[in-house]
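*Asks:* Residue numbers (this note's numbering), protein chains in the order written: chain A, 2 to 48; chain B, 190 to 337; chain C, 3 to 553.
Ideal Cβ positions, reconstructed from N, Cα and C, are used throughout, including at glycine.
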Amino acid sequence: LGIDLGTLKLDLNSAENLYSTFCGPWSDQPLKPHEMDYPVPHEYLIN
Amino acid sequence: PLGPVQLPKQCLYQLHMLEAACRHTIYPVDSQRLRPYLPPNPCPTPSYYPQQALQHSDSVEFFHRLSTETLFFIFYFMEGTKAQYLAAKALKKQSWRFHTKYMMWFQRHEEPKTITDEYEQGTYVYFDYEKWGQRKKEHFTFEYRYLE
Amino acid sequence: VESDSELLEKTERLMRDWINLYHSNTPPNKVFHIYVQSMNQHGILKTDDSITRFFRLSTELCVDNCYRILNGQHANNASVLEARTKCFQTLDAFAHLIVMLVKHSGSNTGSMSESTPKINLLNKVLGIIGGVAIHDQEIRNEEFQHLPYYRILIILLMELTLGPNNLGLPAMNNFQHQLGFGINPSQVDPLYESIQYQVLNAFCQTLKLLKPSKAPSFAFAWLDFIGHRIFMEKCLNGPNSTPSIISTKGWIFYAPLLIEIIKFLAPFLRNVELPHSIDLLYKGTLKVLLILLHDFPEFLCEYCYELCDAIPPNAIQMRNLVLSAFPRNMRLPDPFTPNLKIDSLPEIIQSPKGASNTLSALATVPFRKELDSYLRTRSPVTFLCELRGYLQNPNGSDGNRYNIPLINALVLFVGQSAIQAITPKHISMSSIAHSSHMDIFQNLAVDLDTEGRYLFLNAIANQLRYPNSHTHYFSCTLLYIFAESNTEAIQEQITRVLLERLIVNRPHPWGLLVTFIELIKNQSFKFWNHEFVRCAPEIEKLFESVARSCM
Numbered sequence: 002l003g004i005d006l007g008t009l010k011l012d013l014n015s016a017e018n019l020y021s022t023f024c025g026p027w028s029d030q031p032l033k034p035h036e037m038d039y040p041v042p043h044e045y046l047i048n
Numbered sequence: 190p191l192g193p194v195q196l197p198k199q200c201l202y203q204l205h206m207l208e209a210a211c212r213h214t215i216y217p218v219d220s221q222r223l224r225p226y227l228p229p230n231p232c233p234t235p236s237y238y239p240q241q242a243l244q245h246s247d248s249v250e251f252f253h254r255l256s257t258e259t260l261f262f263i264f265y266f267m268e269g270t271k272a273q274y275l276a277a278k279a280l281k282k283q284s285w286r287f288h289t290k291y292m293m294w295f296q297r298h299e300e301p302k303t304i305t306d307e308y309e310q311g312t313y314v315y316f317d318y319e320k321w322g323q324r325k326k327e328h329f330t331f332e333y334r335y336l337e
Numbered sequence: 003v004e005s006d007s008e009l010l011e012k013t014e015r016l017m018r019d020w021i022n023l024y025h026s027n028t029p030p031n032k033v034f035h036i037y038v039q040s041m042n043q044h045g046i047l048k049t050d051d052s053i054t055r056f057f058r059l060s061t062e063l064c065v066d067n068c069y070r071i072l073n074g075q076h077a078n079n080a081s082v083l084e085a086r087t088k089c090f091q092t093l094d095a096f097a098h099l100i101v102m103l104v105k106h107s108g109s110n111t112g113s114m115s116e117s118t119p120k121i122n123l124l125n126k127v128l129g130i131i132g133g134v135a136i137h138d139q140e141i142r143n144e145e146f147q148h149l150p151y152y153r154i155l156i157i158l159l160m161e162l163t164l165g166p167n168n169l170g171l172p173a174m175n176n177f178q179h180q181l182g183f184g185i186n187p188s189q190v191d192p193l194y195e196s197i198q199y200q201v202l203n204a205f206c207q208t209l210k211l212l213k214p215s216k217a218p219s220f221a222f223a224w225l226d227f228i229g230h231r232i233f234m235e236k237c238l239n240g241p242n243s244t245p246s247i248i249s250t251k252g253w254i255f256y257a258p259l260l261i262e263i264i265k266f267l268a269p270f271l272r273n274v275e276l277p278h279s280i281d282l283l284y285k286g287t288l289k290v291l292l293i294l295l296h297d298f299p300e301f302l303c304e305y306c307y308e309l310c311d312a313i314p315p316n317a318i319q320m321r322n323l324v325l326s327a328f329p330r331n332m333r334l335p336d337p338f339t340p341n342l343k344i345d346s347l348p349e350i351i352q353s354p355k356g357a358s359n360t361l362s363a364l365a366t367v368p369f370r371k372e373l374d375s376y377l378r379t380r381s382p383v384t385f386l387c388e389l390r391g392y393l394q395n396p397n398g399s400d401g402n403r404y405n406i407p408l409i410n411a412l413v414l415f416v417g418q419s420a421i422q423a424i425t426p427k428h429i430s431m432s433s434i435a436h437s438s439h440m441d442i443f444q445n446l447a448v449d450l451d452t453e454g455r456y457l458f459l460n461a462i463a464n465q466l467r468y469p470n471s472h473t474h475y476f477s478c479t480l481l482y483i484f485a486e487s488n489t490e491a492i493q494e495q496i497t498r499v500l501l502e503r504l505i506v507n508r509p510h511p512w513g514l515l516v517t518f519i520e521l522i523k524n525q526s527f528k529f530w531n532h533e534f535v536r537c538a539p540e541i542e543k544l545f546e547s548v549a550r551s552c553m
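1) Could you please give me the residues that DSSP links to B:LYS325 through a beta bridge?
2) Can you name the residues that DSSP bridges to A:LYS38?
3) Are C:LEU389 and A:LEU9 touching if we call contact CB-CB under 8 Å?
4) If you reduce the DSSP assignment to three classes, tell me which class B:PHE295 lands in.
5) I need the boundaries of the alpha helix (DSSP H) containing C:PHE484, first residue and last residue.
6) Just checking my contact of C:PRO218 with B:LEU207 at CB under 8 Å: how many whole Å lie between their CB atoms?
7) Suppose contacts are defined by Cβ-Cβ distances below 8 Å. Is C:PHE415 in contact with C:TYR392 by that definition?
8) In whole angstroms, what separates the C-alpha of C:CYS303 from that of C:LEU83?
9) Residues in the same chain with beta-carbon distance under 8 Å from C:ARG86, minus the five sequence neighbours each way, listed in chain order, please.
10) How would you write the range of the beta strand (DSSP E) that C:LEU55 sits in, first residue to last?
11) Rounded to the nearest angstrom, what separates C:PHE338 and A:LEU2 at their Cα positions?
12) Label C:HIS428 either buried or exposed according to how many other C-beta atoms from any shown protein chain fall within 10 Å of its C-beta, with 16 as the threshold for buried.
13) Since B:PRO217 meets chain A, which of its residues come closer than 9 Å, beta carbon to beta carbon?
14) Between B:TYR308 and B:TYR333, is the Cβ-Cβ spacing less than 8 Å?
15) Indicate whether the contact test is met: 3 or more Cβ pairs, each with one atom in the segment 89-108 of chain C and one in the segment 57-66 of chain C, closer than 8 Å.
16) I believe B:PHE331 touches B:TYR313 by the beta-carbon criterion, under 8 Å. Please report the beta-carbon distance rounded to the nearest angstrom.
17) What number of angstroms, rounded off, separates the C-alpha of C:THR452 from the C-alpha of A:LEU19?
18) Please give the ranges of any alpha helix (DSSP H) in the segment 242-296 of chain C, keeping only runs that are unbroken, at least 4 residues long and fully inside the region.
19) When the Cα of B:ARG261 is compared with those of B:THR214, B:ARG286, B:GLN199 and B:LEU191, which residue comes out closest?
20) Nearest chain B C-beta to C:ARG390 closer than 8 Å, yes or no?
21) Does the CB of A:ASN48 have a neighbour CB from chain B at under 8 Å?
22) Per DSSP, which one or two residues make a beta bridge with C:GLN394?
23) Spatial neighbours of C:PHE220 within its chain, please: C-beta separation below 6 Å, excluding the five flanking residues on both sides.
24) With a threshold of 7 Å on Cβ separation, who are the neighbours of C:LEU159 within its own chain once the five nearest residues in sequence on each side are excluded?
25) Kindly indicate the opening and closing residues of the alpha helix (DSSP H) around C:ARG330.
26) Give every residue of the same chain whose Cβ lies closer than 7 Å to the Cβ of C:SER188, excluding the five residues on either side of it in the sequence, and list them in chain order.
27) Measuring CA to CA, which of C:GLU11, C:VAL413 and C:ILE522 is closest to C:PRO500?
28) For the pair the segment 406-414 of chain C and the segment 445-465 of chain C, tell me if three or more CB-CB distances fall below 8 Å.
29) Out of curiosity, what's the CA-to-CA distance linking A:GLU36 and B:LYS271?
30) Any idea if B:VAL194 is buried or exposed, counting beta-carbon neighbours within 10 angstroms, 16 or more meaning buried?
31) Just checking: is the beta-carbon of C:VAL290 within a distance shorter than 8 Å of some beta-carbon in chain A?
32) Considering only residues of the same chain and omitting the five flanking positions on each side of C:THR54, which have a CB-CB separation below 8 Å?
33) Between B:HIS288 and B:HIS328, what straight-line distance do the alpha-carbon atoms span, to the nearest angstrom?
34) In the DSSP assignment, find the unbroken alpha helix (DSSP H) run with C:PHE146 in it and report its ends.
35) Kindly indicate if chain C contains any beta-carbon less than 8 Å away from that of A:TYR20.
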């Protein structure tokens with residue numbers, strides 16, 4: 002009964018936290034590094 | 190033992206609206222900043238290209254194995270993202286240093302002629318992202334004050 | 003008073019100017035004060051009413067523009083992303099105008115009182131956006147689109163919760179200097195944190211305004227918002243969170259929102275067949291709960307009582323998920339370990355956090371006085387036979403005849419006072435017996451009908467979680483009722499309640515496993531002698547397989 006929660010595509014064995022790469026309840030893919038905001042030093046923001 | 194429950198009228202209305210709403214998909218891009226320096230639509234690639242992100246491609250170790258040019262590409266084109274951060278870390282591991290005054294990366298090319306606790310003077314290589322290649326800079330003074 | 007059409011014309015012009023400014027190469031904060039002057043010249047900022055009308059009209063302008071693009075998307079076969087990017091050009095610009103106005107309203111001395119105008123403006127604008135959305139849903143019905151509202155809200159959240167200087171306040175070291183705090187930057191800046199909570203609160207108020215039961219067309223975007231990594235981070239880790247600084251003060255904002263979506267789903271989940279949209283929303287909610295279980299288990303532990311009150315009794319997997327949470331610093335022994343002595347675990351005498359506010363349901367019930375008196379003196383005796391009546395919903399229908407939160411609160415309250423009387427160290431099958439508390443439990447087991455007893459046993463089984471004094475006490479209580487009951491129907495129903503929680507897909511709460519293993523292993527319960535163990539070949543096979551794995 003119920004569903005196999007593993008099919009919800011969350012890496013529940015991950016040692017890292019999940020929420021920081023969570024792409025929302027409607028997506029099966031975690032966020033990729035180039036999709037994640039990150040507080041880089043503002044000198045890096047050249048564009 | 191509780192058995193099913195008749196849905197009250199209000200729920201039927203809500204269900205009707207939900208059925209309509211779920212036709213309007215929510216995309217990850219809806220809750221991400223626009224990245225003007227990235228093409229808005231990822232171009233479809235042939236199916237035999239890898240379509241999934243590689244395992245551990247969000248780790249520093251993975252970035253350590255990327256080529257220098259790739260790292261500069263990521264650094265200059267994916268600013269404000271974790272990818273840029275990881276690229277910066279990997280570049281530092283390759284002895285590149287970011288000079289905030291010139292907002293460029295430099296790498297020591299040969300032993301500097303003068304070293305004080307404030308600067309180093311010598312020949313450095315820097316990455317010119319306009320000409321997209323490495324250039325040598327002689328007699329360059331690398332000021333620690335501007336060393337990020 | 004300016005006519006709407008005049009103001010609309012001004013608003014259109016001002017918005018067009020701003021959008022052009024925003025997309026020009028000059029950084030917005032360089033030209034913002036010039037723009038504000040033009041707003042002033044148009045009398046937009048003159049009165050509270052003109053500000054309100056300006057924001058309502060500009061919101062509607064952006065929304066209409068977005069609908070135009072989305073509805074035209076298929077006609078000019080633009081891709082989804084192209085259409086979205088086009089929408090975001092306007093929506094993001096509008097959101098950034100709001101951010102700039104919030105940042106620059108009031109003065110920038112950095113003292114607490116000066117942040118009030120910023121928060122007031124934010125509250126006002128968020129309220130307007132929510133109001134326009136609700137109105138839009140009433141007008142467009144099935145054609146309503148969440149995108150414009152969702153996008154503006156999420157960009158506002160990202161911009162206004164990024165870091166200390168995002169609210170136009172001087173950088174932190176000035177804080178220290180001006181306020182005389184001796185704080186080093188790595189510590190929490192109280193002023194920044196307090197303002198951030200007000201910002202979070204403003205968003206939470208707007209989410210309440212747009213809650214799924216009020217705006218079902220916005221439900222998917224609503225869940226996406228409360229599942230957004232930044233919103234989770236700020237609410238659950240604290241606005242100033244770093245790996246070393248985590249604050250739980252934001253939990254009181256987040257919990258009601260999570261409970262809101264579960265309450266919305268509850269009537270639909272009561273029926274096994276889920277329509278497609280409900281199934282989507284349900285799975286989405288499970289995903290958010292799984293993230294909470296993995297990253298913020300303490301939050302689930304703390305609010306498990308309110309969550310169990312909201313989760314319908316038959317949504318067993320969702321409830322198991324909540325009950326499976328345990329504090330990260332706790333190591334759980336394998337429940338299948340032979341001869342596991344749970345009463346020897348150090349944590350078993352600690353009471354779990356978070357129970358106090360659920361008992362408020364009991365504070366106002368008419369029978370509270372009798373309950374306290376009965377617990378103290380076992381009188382009035384009539385209390386026991388009246389109790390069932392107290393727990394029933396007046397004119398409740400089948401499947402809805404009992405006040406579930408009240409049953410849950412009663413069971414928790416009686417159990418808690420029993421534990422206080424016994425002292426956690428001495429909880430055992432013998433110490434819990436022959437007390438006024440056990441009288442109440444045994445009376446409920448006997449006196450309630452099948453539906454009521456099911457809810458009562460569920461209320462006890464909801465306490466079987468990670469090692470703590472409640473898990474220990476209620477585990478003993480359930481087994482004691484099983485052992486002492488003189489009708490097999492009660493024993494069978496206890497078994498059913500445990501079994502239905504075990505045969506559902508993982509996760510399973512530790513306390514549930516431990517209790518069930520004790521039931522089938524401990525000879526004193528003569529579990530295997532009962533007929534119902536063999537009521538069906540599958541059931542018998544199931545028991546045997548569980549027995550094999552732990553005996």
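*Replies:* Well, looking at it:
1) For the purposes of this step, residue 325 of chain B is taken as residue 136 along the second sequence, with counting starting at 1. BP columns for B:LYS325 point to B:VAL314.
2) On the first sequence, position 37 is the one that residue 38 of chain A refers to. According to the sequence provided, residue 38 of chain A is Asp. The question's Lys does not apply to it. Answer by DSSP bridge pairing, in chain order: B:THR270.
3) Start at 1 with the first residue of the third sequence, and residue 389 of chain C comes out as number 387. Start at 1 with the first residue of the first sequence, and residue 9 of chain A comes out as number 8. Not in contact: C:LEU389 and A:LEU9 (Cβ atoms no closer than 8 Å).
4) Counting from 1 along the second sequence, the entry for residue 295 of chain B is found at position 106. Strand, per DSSP.
5) On the third sequence, residue 484 of chain C is found 482 positions in, with the first residue counted as 1. Unbroken alpha helix (DSSP H) run through C:PHE484: 471-486.
6) Here residue 218 of chain C refers to the residue found at position 216 of the third sequence. Here residue 207 of chain B refers to the residue found at position 18 of the second sequence. The Cβ separation is near 5 Å, so the contact holds.
7) Taking the first residue of the third sequence as 1, we reach residue 415 of chain C at position 413. Taking the first residue of the third sequence as 1, we reach residue 392 of chain C at position 390. In this structure, C:TYR392 does not lie closer than 8 Å to C:PHE415 by Cβ.
8) By 1-based counting over the third sequence, the position of residue 303 of chain C is 301. By 1-based counting over the third sequence, the position of residue 83 of chain C is 81. Whole-angstrom Cα-Cα distance: 40 Å.
9) Mapped onto the third sequence, residue 86 of chain C falls at position 84. Closer than 8 Å at Cβ, skipping near neighbours: LEU149.
10) Indexing the third sequence from 1 puts residue 55 of chain C at position 53. The question names Leu, but residue 55 of chain C is Arg in the sequence shown. Unbroken run through C:ARG55 is the alpha helix (DSSP H), 50-75; no beta strand (DSSP E).
11) By one-based count along the third sequence, residue 338 of chain C stands at place 336. By one-based count along the first sequence, residue 2 of chain A stands at place 1. Spanning the two alpha carbons is a distance of roughly 22 Å.
12) In the third sequence, residue 428 of chain C corresponds to position 426, counting from 1. With fewer than 16 other Cβ atoms within 10 Å, it is exposed.
13) The count along the second sequence starts at 1 and reaches residue 217 of chain B at position 28. Simply CYS24, GLY25, TRP27, SER28, GLN30, LEU32 and GLU36.
14) Looking up residue 308 of chain B in the second sequence gives position 119. Looking up residue 333 of chain B in the second sequence gives position 144. In contact: B:TYR308 and B:TYR333 (Cβ atoms closer than 8 Å).
15) Cβ pair count under 8 Å is three or more, so yes.
16) Within the second sequence, the letter at position 142 stands for residue 331 of chain B. Within the second sequence, the letter at position 124 stands for residue 313 of chain B. Going by Cβ atoms, the distance from B:PHE331 to B:TYR313 rounds to 7 Å, so yes, they are a contact pair.
17) To locate residue 452 of chain C, count along the third sequence from 1; it is residue 450. To locate residue 19 of chain A, count along the first sequence from 1; it is residue 18. Computed Cα separation, rounded: 42 Å.
18) 253-271
19) Stepping through the second sequence from its first residue, residue 261 of chain B is reached at position 72. Per the sequence shown, the amino acid found at residue 261 of chain B is Phe instead of Arg. It is B:ARG286 whose Cα lies nearest to the Cα of B:PHE261.
20) In the third sequence, residue 390 of chain C corresponds to position 388, counting from 1. Not an interface residue.
21) Here residue 48 of chain A corresponds to residue number 47 of the first sequence, with the count starting at 1. Answer yes: the Cβ-Cβ gap between A:ASN48 and chain B drops below 8 Å somewhere.
22) If you number the third sequence from 1, residue 394 of chain C lands on position 392. Assignment of beta-bridge partners to C:GLN394 by DSSP yields C:TYR404.
23) In the third sequence, residue 220 of chain C corresponds to position 218, counting from 1. So the qualifying residues of the chain are HIS148 and LEU212.
24) As a position in the third sequence, residue 159 of chain C is number 157, starting the count at 1. These residues qualify, in order along the chain: PHE205, ILE232 and PHE233.
25) Here the question's residue 330 of chain C lines up with position 328 in the third sequence. Unbroken run through C:ARG330: none, as it is neither H nor E.
26) Numbered from its first residue, the third sequence carries residue 188 of chain C at position 186. Here C:SER188 scores only 40 on pLDDT, less than 50, and its place in the model is too uncertain to base an answer on.
27) Taking the first residue of the third sequence as position 1, residue 500 of chain C is located at position 498. The question names Pro, but residue 500 of chain C in the sequence shown is Leu. Comparing Cα-Cα distances from C:LEU500 to each of C:GLU11, C:VAL413 and C:ILE522, the minimum goes to C:ILE522.
28) Touching, yes, given that three or more Cβ pairs across the two stretches are closer than 8 Å.
29) Residue 36 of chain A sits at position 35 when you count from the first residue of the first sequence. Residue 271 of chain B sits at position 82 when you count from the first residue of the second sequence. Roughly 8 Å separates the two Cα atoms.
30) As a first step, residue 194 of chain B is located in the second sequence; it is residue number 5 there, counting from the start. Buried: at least 16 other Cβ atoms inside 10 Å.
31) By one-based count along the third sequence, residue 290 of chain C stands at place 288. Chain A, which has a Cβ nearer than 8 Å to the Cβ of C:VAL290, makes this yes.
32) By 1-based counting over the third sequence, the position of residue 54 of chain C is 52. Cβ neighbours of C:THR54 beyond the five flanking positions: LYS126 and ILE130.
33) In the second sequence, the residue the question calls residue 288 of chain B occupies position 99. In the second sequence, the residue the question calls residue 328 of chain B occupies position 139. Each residue's alpha carbon lies about 16 Å from the other.
34) Your numbering for residue 146 of chain C matches position 144 in the third sequence. From DSSP, C:PHE146 is part of no alpha helix (DSSP H); its letter is neither H nor E.
35) Against the first sequence, residue 20 of chain A aligns to sequence position 19. At least one chain C Cβ lies under 8 Å of A:TYR20.
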